[in-house]
Amino acid sequence: MTAPLVYAEGLTRTYAMRRGLFSRPVAVRAVDGVTLAIAPGETLGLVGESGSGKSTAGRMLLGLETPDRGFVRFDGRPMPPPGGAPWRALRARAQMVFQDPLGALDRRLPIATQVREPLDIHGIGDPALRGGRVRELLGAVGLSADHGRRYPFELSGGQRQRAVIARALATRPDLLVCDEPVSALDVSIQAQVVNLLIDLQAGLGLAMLFISHDLRVVRQISRRVAVMYLGRIVEEGEADDLFAAPGHPYTEALVSASPAPGGRAGRRIVLKGDPPNPAARPSGCAFHPRCPVAEIRCRVEVPVLRPAGPGRQVACHRVAESPVADLRGAA
Amino acid sequence: MSGLDLARDAAPLVAIRDLAVRFNGVPALRGVDLHVARGEAVGLVGESGSGKSVTWLAALGLLPGSAAISGSVTLEGTQLLGAPAEILDRTRGGRVAMIFQDPASALNPVLTIGRQIGEALALHRGLSGRENAAEARRLLELVGIPDAGRRLSAYPHEFSGGQNQRVMIAMALAGGPDLLVADEPTTALDATIQSQILNLIGEIRRETGMALVLISHDLGVVAETCDRIAVMYAGRIVEEAPADQLFLAPRHPYTRGLIGALPPIEGARRRLVAIPGTVPDPRAMPPGCAFAPRCTQAHAACDRIAPALEIIGPGRRVACLAETAGRGSAPTEVAAE
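Those protein sequence lines, which keep their order, are chains A and B. When you line the first sequence up against this note's numbering, it's residues 298 to 628, in that order. When you line the second sequence up against this note's numbering, it's residues 1286 to 1622, in that order.
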C-alpha cells in the first residue's frame, strides 16, 4: 500500500452526557480506539448504526474534533491543533459533505456566492478569475450558471447536495469526508449523486471517507469498508468480499437486514435487544448481549481486531478460533 | 394470496376509487384506484411527494379541512369519504389503525405508556379497570417489550425508538383492527431494529389475519413484506403487480428506473442507472404522462395523453402508453379515461 494520505491511530473520544435534568453527567465513550488509514485516491466506507461513533470518527479525521487519545496524521504530518493558521490551511485540503444540504447552505445567499466563499476565505486564485472557477465547479456537479444565481430554497434536494459538493471541491481538496450524503435523497436522485461522487472521485483522484448506514450505497462507492459498533471497528475488509462473506456476526446481521428486492430472501437474522447505548457499554465484547453466537468469554474479554483472511480484519472471539464459514453456518 | 385478481375480487376490505386531493387548488392526488383484500399485505412505494401517505390520510379523514377531496373510499361497502364523525371514530383505530414514521412524536410525552394504551382500549373495546390494565400488559408483551408489567408505568422518553414503535403497534392493535396502515414505520430506525419491527408486524399478521398497507420509499422493505405492490408517481398509481413479478419484470419505465437506481448488495458492481431530472412541480404538471419529461422511452403521444391504469395481466396494472397501447399506436382509446 502507498503511504496513506490520512492515518489515524487509537482515536478515542469521550463526551459527558446528562441523562436527566438533575442526574450527574455520565462519561460516554463515542469512539474507542479506532485506527484508520486512507490512501490517496482511495475510498473507505464507514458503516454503522446510530451511536456507533462513525460521524465522530469522521470529524476527528478532519481535525474538526480533537481526540482524547490517539492521533491523526495528514500527509505524513501530525494534525495541527484546531483554530491556528496551519489547521486552517489544512481545512482547504480536507472537506466535508453532510447529510442535510439545506442545513449546510446559507439560506440568504445565492448558490454561486456560497461555492465561491472557500476561494475567498483561503485566498485561492485571482479574485477576478474566481467567477470562472465557480462556473467550472457548478458544471462539474451538473449545475448550470442559472442554478448558481438561485437561492437554496429554489433548488431540489438533489441539486442542493450537488451545490454542497461543488463548494467542498472549490479548494481542490485531497480528502472528502461524506457523512450520509445521500440518505435524505429519494432513490432516483440518490443514484444521480452516487454516480457523481464516483465520477468526481475517479476524475480528481480524491481520497474519500464515506460514512453511511446504507450498505448498498457504501458498497457501490467504496473499495474498502470498516464496520463500527459502539465506538469500535469490529470488521474491515474489501467491500465486495466483506458483504459476500461477513466475518463478524454483527456485519452478517447488517447485511441480512438490507433486504433485496426480487423476493423474500428469508435469511434475515433478527438481532435481539435494543440498539447499542454508548452510555451503557456492555462488558467484554460490546456486541455480546445481541450476538446469536456469543459464549461465556465474550462477556468478559474484549476481542481485538485480528487478521482473518486476505485484506480482512475481524474483532470476534469466534472468528479467531474457527473459520468464517463454520461460524456462519452456526448462525 | 387473495386479491391478486382485481377484476374478480368482488368484496375487498377497502376499495379506493378515483381518489383525488387538492391543497389550495394544487393537486396532490390525481385519481387513485386501490383495493385491499382481507388479510392481504399491500405495499405502496414512491418517492417523497408521490402521494402515498396522502392517499391514506385522505381515506381516513385525517387531512385538514383545506384539502379538497373527491372520489370514493369504502370499508366493506361503507362510504368513508364525508362520513359522519361516529362512523369515522369507529373506523379509525377500531377497524383501521395507522402507525407513522416517528413514534416519539405520535405518543404523548407526559402520559405513561400504560395510560395511552389503556385509553385506546377504553375507546375501542370499552375496557376499564383491572381488565383494561391486564389487556394493556398483554398487548405490550405481544409486541415484545420485556418486563411489560413494570414498563406500563414508564414514559415514552424512557423507551428507545424501536421500543416506541412497538408501543405504537400495541396501541394500533388495541382496537383489533382489520387493517393496519403503516406509514414508513421503520424509516427512522436502524437496520437491525428495522428487521425486528418488520418481523413483529409479520408475526402479528400471521396470528391475527390482519391486512397490512405498508407505505415505504424502500423497495427492499416492501418487497420482503408484501404480497402486492403499487408504485406511485406524482399523485397516481403507475404500476401494480404481485411483489415477485414487479421486481422480476417491471413494466412501467419509472418502476424500472427505481430498480435500476438501487445499488446491488452482491454480485458485480454496475454503474447505477439514475432517473434523469426531478419530479414535476404539482403546480405545473405536464399535460400528458407525468413521467414523460424524465422517461427515456417517451413518445410524442406521451406529452399529450395521460395514460390510464390498465389491466395487463392477472393482478397487474400499468399506466404507460407504450405498454398498454402498443407503443402509442392507439392513443385515442387511452385518452377516453
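Even for Gly, the Cβ is constructed at its ideal location relative to N, Cα and C.
Residue interval of the beta strand (DSSP E) (run including residue i)
i, result
"V394(A)", "391 to 394"
"A305(A)", "303 to 314"
"G1434(B)", "Note, G1434(B): premise wrong, no beta strand (DSSP E); alpha helix (DSSP H) at 1433 to 1436."
"G1328(B)", "1326 to 1330"
"Y1518(B)", "1513 to 1518"
"A1496(B)", "1496 to 1501"
Proximity of residue i and residue j at Cβ, strictly below 7 Å
i, j, result
"P1441(B)", "P1394(B)", "yes"
"R321(A)", "T311(A)", "no"
"V1558(B)", "G1545(B)", "yes"
"R1513(B)", "V1381(B)", "no"
"G445(A)", "L435(A)", "yes"
"V1516(B)", "T1540(B)", "yes"
"V599(A)", "G544(A)", "no"
"I1398(B)", "L1437(B)", "yes"
"Q458(A)", "P378(A)", "no"
"P546(A)", "C595(A)", "no"
"G338(A)", "T309(A)", "no"
"I1500(B)", "D1529(B)", "no"
"G1336(B)", "A1305(B)", "no"
Selection from the options that minimises the alpha carbon distance to residue i
i, options, result
"G1350(B)", "L1427(B), T1363(B), V1428(B), R1307(B)", "R1307(B)"
"L527(A)", "P573(A), F368(A), T309(A)", "P573(A)"
"R413(A)", "L387(A), A442(A), G544(A)", "A442(A)"
"V1339(B)", "L1360(B), A1322(B), V1317(B)", "V1317(B)"
"P556(A)", "A1559(B), A1526(B), D1503(B), V1428(B)", "D1503(B)"
"E1492(B)", "V1452(B), L1424(B), P1388(B), P1538(B)", "L1424(B)"
"S1445(B)", "A1389(B), L1464(B), G1414(B), R1435(B)", "A1389(B)"
"D1374(B)", "A1476(B), R1436(B), D1566(B), P1462(B)", "P1462(B)"
"G428(A)", "D397(A), P604(A), A467(A)", "A467(A)"
"P1572(B)", "T1581(B), P1592(B), R1554(B)", "P1592(B)"
"R1556(B)", "V514(A), V438(A), M357(A)", "V514(A)"
"G1567(B)", "P1535(B), A1419(B), A1305(B), A1519(B)", "The amino acid at residue 1567(B) is misidentified as Gly; the sequence shows Pro. Ranking P1535(B), A1419(B), A1305(B), A1519(B) by Cα distance to P1567(B) puts A1519(B) first."
"H419(A)", "R469(A), G439(A), D329(A), K351(A)", "R469(A)"
"T1477(B)", "E339(A), E306(A), G345(A), L333(A)", "G345(A)"
"R516(A)", "V597(A), L416(A), V552(A), R370(A)", "V552(A)"
"P415(A)", "R388(A), L426(A), A425(A)", "R388(A)"
"R1400(B)", "Q1386(B), T1510(B), A1419(B), M1383(B)", "A1419(B)"
"R529(A)", "R447(A), L333(A), L359(A), A481(A)", "L333(A)"
Alpha-carbon spacing of residue i relative to residue j, whole angstroms
i, j, result
"A1583(B)", "C1605(B)", "9 Å"
"T353(A)", "S1357(B)", "51 Å"
"L302(A)", "I508(A)", "18 Å"
"L1533(B)", "C582(A)", "41 Å"
"V461(A)", "E451(A)", "14 Å"
"L1497(B)", "D1303(B)", "21 Å"
"M314(A)", "P364(A)", "17 Å"
"R1435(B)", "L1396(B)", "15 Å"
"A488(A)", "E1371(B)", "47 Å"
"R521(A)", "G342(A)", "6 Å"
"S349(A)", "T299(A)", "29 Å"
Residue range of the alpha helix (DSSP H) that includes residue i
i, result
"D443(A)", "442 to 446"
"E1416(B)", "1414 to 1427"
"C475(A)", "That residue, C475(A), is in no alpha helix (DSSP H); its beta strand (DSSP E) goes 472 to 476."
"A605(A)", "Element bounds for A605(A): n/a, residue is neither H nor E."
"M1456(B)", "1446 to 1459"
Cβ of residue i within 7 Å of any chain B Cβ
i, result
"P572(A)", "yes"
"A591(A)", "no"
"A488(A)", "yes"
"L302(A)", "no"
"E598(A)", "no"
"R561(A)", "For R561(A), the predicted model reports a pLDDT of 47, less than 50, meaning its position is unreliable; a value from the coordinates is still stated below. It does: the Cβ of R561(A) has a partner Cβ on chain B nearer than 7 Å."
"S347(A)", "yes"
"P556(A)", "yes"
"S480(A)", "no"
"D538(A)", "no"
"S320(A)", "no"
"S453(A)", "yes"
"A409(A)", "no"
Beta carbon proximity, residue i to chain A, threshold 7 Å
i, result
"N1484(B)", "yes"
"V1506(B)", "yes"
"I1430(B)", "no"
"F1444(B)", "no"
"F1576(B)", "no"
"M1286(B)", "Its pLDDT being 43, under 50, M1286(B) is placed unreliably in this model, and the coordinates cannot settle the point."
"P1548(B)", "yes"
Check: residue i C-beta below 6 Å from any heavy atom of the ligand SAM
i, result
"L539(A)", "Looking for the ligand SAM in the displayed structure turns up nothing, as the structure carries no ligands at all."
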